[in-house]
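Residue numbers (my numbering): 752 to 1207.
Built from N, CA and C at the ideal position, the CB exists for glycine as well.
Keep in mind that this is a model prediction, so the values were computed, not measured.
Down below is the structure, laid out as structure tokens.
Set out below in structure tokens:
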């Protein structure tokens, strides 16, 4: 089937009080239009066109070639917006087109697929995705005949008192036969000469008046209709999406004993029997294994974590962490860090662009940057790799089973051989051969009576 999708991303959303387009407002750290785009792709639709308007260049840059874009230079309603994509729709003649709002992020794969099955199975020219809500004020009402077929969609301002009692409302999402929609768009463009704004519901009315078959598919959840025009509504969308994702993980065996402050982005994967504790935020394409403990108060972004690892009150970005690792509290993994199996990194340890080998211990108050650290290494308190000379960055190499004494500063580029030692308080500026001990500090001297003091 030659199916395609048009995402309307032209709304201003001025009540957001933002310099960014409304469709780029984020739900769980993901722009609303990306939620819609992902749902369309998950439903198996690859040909997508976004109709842009306010701050079009920003939206187009965000989509970055993922789909076609067309500009709605004047915002004259949803019908006018879809008309800007006529050439795209015509290229899919004989198929069906899905119309979605870019600021309604809770549309989902199942609703799209089920509505298409209903649309094709009933031979409809148009199928409106509707929802039943307890409070329909503000939404277009789905007016049905006594037999249950769709007669028209009535906007709130035009509804009679009886019609205002209808709780089945228009979600703003539709399936159309491409060819039938193109014909209706020609008619509503003509209507636009007499109206300040034209709406896609006009196309439904036109098709019904032409005795084409149009109907409404009631979605299983009213969430599909929800959008956001201000920050409060955006928070409500975040909360709905957050709980939906937390429930999915818990049903799949993830232990989240208290959901306070726990935010998990939609693309995160977590294995069974892992615990996520309060105040933890997991975003991006993060993948976590089984039997881990993440949190409390941790943040992971685009990380891969093995099994049976503990990450306690840490910040981790674009890093790989092995199995049976213990991090924190208050450790920070910066991008391009690889922590291998069995590593222990304790209080206030920062690792950046480095590889740390198996069963190495970095207990506290240490910075490891641009380094390759072997297995079985012990790094004492207060150590640092001095990797930057003000112009260039250099790497430090620490071999296997090295003992780095407290308050050692390693001035890169420098290599510490296998089984080597550094004495506490050393500044290492030259390579340390394997099996040797480096002492790089001045001899302590005592100066007598440098100042007077009261011996009592």
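Between which two residues does the beta strand (DSSP E) harbouring residue 1161 extend? 1160-1162
Residues of its chain near residue 1154, where Cβ-Cβ distance is below 6 Å and the 5 sequence neighbours each way are ignored: Hits under 6 Å: 1129 and 1172.
CA-CA distance, residue 986 and residue 1157? 47 Å
Give the single residue among 838, 858 and 1089 whose Cα lies nearest to the Cα of residue 794. 858
Could you tell me which uninterrupted beta strand (DSSP E) segments, each at least 3 residues in length, are contained entirely in the region 766-844, listed from first to last along the chain? 799-803 and 819-822
Compare the C-beta of residue 870 against all C-beta atoms of chain B and say whether one is closer than 7 Å. Looking at the structure shown, chain B is missing, and only one protein chain is on hand.
Below 6 Å CB to CB, which residues in the same chain sit around residue 1029 once its five sequence neighbours on both sides are set aside? Excluding five sequence positions before and after residue 1029, the CB atoms of its chain that fall closer than 6 Å to its own CB belong to 1009, 1011, 1012 and 1047, given in chain order.
Does the Cβ-Cβ distance between residue 892 and residue 914 come in under 7 Å? yes
How many Å lie between residue 869 and residue 1066 at the Cα? If you take the alpha carbons of residue 869 and residue 1066, they lie about 47 Å apart.
Counting along the chain, where does the beta strand (DSSP E) carrying residue 924 start and finish? 919-928
Just how far apart, CA to CA, sit residue 833 and residue 1093? 56 Å
Here's the rule: buried if 16 or more other CB atoms are within 10 angstroms of the residue's CB, otherwise exposed. What is residue 1139? So residue 1139 counts as exposed.
In chain order, which continuous runs of the beta strand (DSSP E) of length 3 or greater are located wholly inside the region 965-1004? Listed in chain order, the complete beta strand (DSSP E) runs (minimum 3 residues) inside the region 965-1004 are 965-969.
Taking Cβ to Cβ, would you say residue 1210 is nearer than 7 Å to residue 1077? Residue 1210 lies beyond the range of the chain shown here (752 to 1207); nothing can be said about it.
Would you call the region 974-986 and the region 765-778 in contact, with 3 or more CB pairs under 8 Å? yes
Distance, residue 1115 Cα to residue 1187 Cα: Within the model, the alpha-carbon separation for residue 1187 versus residue 1115 is close to 24 Å.
Just how far apart, CA to CA, sit residue 948 and residue 830? 8 Å
With 16 other CB atoms within 10 Å as the buried threshold, where does residue 1031 fall? buried
Quick one: Cα of residue 1165 to Cα of residue 1061, how far? Going from the Cα of residue 1165 to the Cα of residue 1061 covers about 32 Å.
By the DSSP assignment, the beta strand (DSSP E) with residue 1137 in it spans what residues? 1135-1137
The region 786-803 touching the region 899-919, judged by at least three CB pairs closer than 8 Å: no
Just to confirm my understanding: we take residue 843, look at its own chain, exclude 5 residues before and 5 after, and list those with CB closer than 8 Å. What are they? Within the same chain, Cβ atoms closer than 8 Å to the Cβ of residue 843 are found at 753, 754, 755, 798 and 929, the five residues on either side in sequence being excluded.
Assign residue 1198 to one of two classes, buried (16 or more other C-beta atoms within 10 Å of its C-beta) or exposed (fewer than that). So residue 1198 ends up on the exposed side.
For residue 1086, which residues in the same chain have their Cβ closer than 8 Å to its Cβ, ignoring the five residues on either side in sequence? Counting only Cβ-Cβ distances below 8 Å, and skipping sequence neighbours, we find 1068, 1069, 1070, 1103 and 1104.
Classify residue 1050: buried if its beta carbon has 16 or more other beta carbons within 10 angstroms, exposed otherwise. buried
Check each candidate in 905, 1109 and 1163 and name the one with the smallest Cα separation from residue 1152. Nearest option by C-alpha distance: 1109.
Which runs of the beta strand (DSSP E) fall wholly inside the region 1023-1067 and span at least 3 residues, in chain order? 1032-1034 and 1050-1052
Quick one: is residue 923 buried, meaning 16 or more other Cβ sit within 10 Å of its Cβ, or exposed? buried
Identity of the residue in 1149, 1159, 1191 and 1003 nearest residue 1132 by Cα: 1159
If you draw a straight line from the C-alpha of residue 967 to the C-alpha of residue 990, how long is it? 28 Å
Quick one: give me the first and last residue of the beta strand (DSSP E) that residue 1099 is part of. 1095-1103
Three-state class that DSSP yields for residue 1192 in the structure shown: coil
Measuring only the C-alpha atoms, how far is residue 774 from residue 888? 23 Å
Taking the continuous beta strand (DSSP E) assigned at residue 1147, which residues delimit it? 1147-1149
Whole-Å CB distance - residue 1125 paired with residue 1149, under 8 Å assumed: 6 Å
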